[in-house]
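Under our numbering, the first residue of the sequence shown is numbered 103, with each subsequent residue one higher.
Yeah, the Cβ is synthetic: ideal placement off N, Cα and C, and Gly gets one too.
A quick write-up on the structure given underneath.
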Amino acid sequence: MRPEHKLIVLVASVWAILFSFYGFLAWRAFLWSPRFVIRATDTQWRRVHEWVGPEQKISQEETEDESSVVRGKRVYERHYCAACHGVAGKGGVKNRNAQTGGEVPGLRFVAEGFTPAELQEKINVGVQEIAKEDPAGLLPPLAMPSWHDQIQGQDLKDIVSYLISLMPKEKEEEW
Numbered sequence: 103m104r105p106e107h108k109l110i111v112l113v114a115s116v117w118a119i120l121f122s123f124y125g126f127l128a129w130r131a132f133l134w135s136p137r138f139v140i141r142a143t144d145t146q147w148r149r150v151h152e153w154v155g156p157e158q159k160i161s162q163e164e165t166e167d168e169s170s171v172v173r174g175k176r177v178y179e180r181h182y183c184a185a186c187h188g189v190a191g192k193g194g195v196k197n198r199n200a201q202t203g204g205e206v207p208g209l210r211f212v213a214e215g216f217t218p219a220e221l222q223e224k225i226n227v228g229v230q231e232i233a234k235e236d237p238a239g240l241l242p243p244l245a246m247p248s249w250h251d252q253i254q255g256q257d258l259k260d261i262v263s264y265l266i267s268l269m270p271k272e273k274e275e276e277w
């Protein structure tokens, strides 16, 4: 092999190695970005929905027999609220750099801080900007979207009833 060919092969090899290395870094940065986290969560829940199957229709008689709390729990599950707020509103889902301890807030104590009307408004409007624990850090990736178009009417009243019911019952003092 002539020397000029060796030089071309060397330059091409170095270029290929650098391109691969920086391409890999860019791909990893994309995977860890907050935008990807939210899209991945949406995709994951779409797959769960496909796996579970289509939404089941409930007869009017079944609905009348059930309490508002039971129907509200069904709304909570149908709209995958547990993906962020945890099963039964217990919380624990990480939300990096959120002022709420780095987690999405649980919903077990919302009855202490909100009236039913305020909860309905919060569900309708959502929480678009999450306060940052570190002001110089990145925005927390998970924000609550507006459910204005998806949860309305009786479903909205039912989910509020369910959220209020999550408040733990106080134990009687033992002597």
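Residue 264 sits close to residue 174, with the two beta carbons spaced by under 7 Å. Looking at the DSSP output, residue 205 shares a beta bridge with 196. At the C-beta level, residue 228 and residue 242 stay beyond 7 Å of one another. For residue 196 and residue 109, the gap between their C-alpha atoms comes out near 51 Å.
A direct Cα-to-Cα measurement between residue 105 and residue 237 gives close to 57 Å. According to DSSP, residue 234 shares a beta bridge with 200.
Separation of the CB atoms of residue 213 and residue 230 is rounded to 24 Å, and the pair is thereby denied contact status at 8 Å. In this structure residue 225 does not touch residue 200 by the C-beta definition: roughly 19 Å separates them, more than the 8 Å allowed. With a threshold of 16 other beta carbon atoms within 10 Å, residue 193 meets it and is buried.
Distance from the CA atom of residue 127 to the CA atom of residue 222, rounded to whole angstroms, is 44 Å. Fully contained in the region 212-271 is no beta strand (DSSP E) run of length 3 or more. DSSP places residue 191 in no alpha helix (DSSP H); its state is neither H nor E.
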